[in-house]
Amino acid sequence: MTLRIQTPRVFVPLLQDGMRYKGAWGGRGSGKSWFFASYIIERCIAEPGLRVVCVREVQKTLRESAKRLLEDTIKAMDVGSLFEVMADCIKTPGGGIIIFQGMQDHTAESIKSLEGFRVCYWEEAQTASDRSIELLRPTMRSGSELLFAWNPRNANDPVDKLLRGPDLPSRSVVVKANWSDNPFFPKELEEERQFDMKTNRDRYSHIWEGAYEPAAIGAIFDRVTIGQNRREAAPELDRVVVGIDPAVSSESGSDMHGVVVAGRCTAGHGYVIHDGSLRGSPRQWAERAVALYDAYEADAIVIEVNQGGDMCRHTLQSVRPGLRVVEVRATRGKHVRAEPIAALYSLGRVHHVGTFPELEDQLCLFTASGYEGSGSPDRADALVWAMTELFPGMVRKAADPTPQRVDYGSGGWMG
Ligand SMILES: Nc1ncnc2c1ncn2[C@@H]1O[C@H](COP(=O)(O)OP(=O)(O)OP(=O)(O)O)[C@@H](O)[C@H]1O
Ligand SMILES: [Mg+2]
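Take 995 as the starting number for the sequence shown in the numbering used here and just add one per residue.
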């Protein structure tokens, strides 16, 4: 049987034999995912019994995995008769298999289950952690290939250090691919690109040309610090709160409601444990917040009530009467409130448990003179409220002469 596969020229170097590391980085729509998918399917056909694992740093559901892409590729290549698509894996010719896993679910023990795998494809590798890369590398033994596709964020991200640093591992080949290298670049994406070129010039080269995230000059949070202090899990927490920054309007397309869960341990470190921010009605943010309050056994909900304290209170009350709610009122600019929290970060005292890409983007656009992102930093705001509640001493000392805080708890607030 002869397969005809059209490979964009930019990826041809990745077809060579004898390489251990193969990487493709660049902006949106450059064909990276499609290239690796067809490469994997082709290899499964050429090498019966081949075992392939597709990983991401975090994979909460299979929908987040490359499974769908591989299924589409099998169809597009018209080789469906050779593969058997199962609920959680794909059976390949000659008794081989393709599986899908999140690296954060692995331990030093469990990773050994991947030892017989010859190909590992890491999607969205810009979120890979040092720990996960270290876990994987020795697991993939002789003759294996490690494939990485990513849209770069920061030169200090582990995959950039590994595959774009001054010392590449031996037997590596890495290509840069952008939309202009993709002869199949679809019309819809071209429209998106044009739109970003007009309206989102600051981020255009990051999104479409593979440039690193623009760093706000004078930013008070930075990605390196967030990355260095990242944790896989939180220790036992003394206090957990859910911070909410509700959006003014709930019409579709309007701002998000920031909903962020954070906690504090006995040693005085803060942990960001969940970003549940959403668009929707007040009822929807209230339900989300109460669900997270239950799931993380939180001690309180902290909510900014500048825009309608009564409405916020009623909404929360209608979902769960008797909830402990701390109402806060913003008296100073967002970036001024964020500064003491940024100071905690720079002391290495705040840890993100897992990665929160959108929240982290917002944090890194706070500067000493204001928020430089577009729209409203709802996620970051919710985080700042939660941390302010967890570290009151810190905040008061640094910036707050008149904290405006109303605490209505399980006692009297219903009457
Ligand atoms: N070999 C191909 N044949 C047909 N269409 C293709 C091919 N390669 C890419 N495309 C088209 O280009 C689009 C973008 O490709 P792909 O999703 O692989 O890009 P990407 O670099 O992974 O982008 P992102 O950064 O958004 O994940 C695909 O949705 C598909 O429409
Ligand atoms: Mg992709």
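Glycine included, every Cβ here is placed at the ideal spot set by N, Cα and C.
Keep in mind the model is a prediction, meaning the values are calculated, not measured.
Helix, strand or coil at residue 1323 [DSSP, three-state]: coil
Residue 1136, buried or exposed, once every other Cβ within 10 Å from all chains shown has been counted against 16: exposed
Cβ neighbour criterion (16 or more within 10 Å) applied to residue 1204: buried
The segment 1110-1117 touching the segment 1033-1049, judged by at least three CB pairs closer than 8 Å: yes
Test item: CB-CB of residue 1286 and residue 1270 under 7 Å: yes
Alpha-carbon to alpha-carbon, residue 1120 and residue 1147: 7 Å
Sequence-distant residues of the same chain with beta carbon closer than 6 Å to residue 1013, five excluded per side: 1165, 1167
Residue list, Cβ distance to ligand 1 heavy atoms smaller than 6 Å: 1000, 1022, 1023, 1024, 1025, 1026, 1027, 1028, 1145, 1176, 1178, 1179, 1180
Residue range of the unbroken beta strand (DSSP E) whose run includes residue 1045: 1045-1050
Which listed residue (1283, 1170, 1195, 1230) has its alpha carbon closest to that of residue 1259: 1230
Residue 1302 burial status per 10 Å Cβ neighbour count (16 or more: buried): exposed
C-beta contact flag for residue 1376 and residue 1237 at 7 Å: yes
Any non-hydrogen atom of ligand 4 closer than 6 Å to residue 1143 Cβ: This structure simply doesn't include ligand 4; it includes ligand 1 and ligand 2 instead.
Classification of residue 1194 by the beta-carbon crowding that lies within 10 angstroms, buried from 16 upward: exposed
Distance CB(residue 1380)-CB(residue 1256) smaller than 7 Å: yes
Inter-residue spacing [alpha-carbon to alpha-carbon] between residue 1386 and residue 1200: 37 Å
Residue 1297 - DSSP class collapsed to helix/strand/coil: strand
Same chain only: Cβ atoms within 7 Å of residue 1170, ignoring 5 sequence neighbours per side: 1019, 1020, 1204
Residue closest to residue 1349, alpha-carbon to alpha-carbon, out of 1224, 1291, 1272, 1296: 1224
Of the listed residues 1330, 1239, 1210, 1186, nearest to residue 1202 (C-alpha basis): 1186
Distance between residue 1212 and residue 1180 (C-alpha atoms, nearest Å): 38 Å
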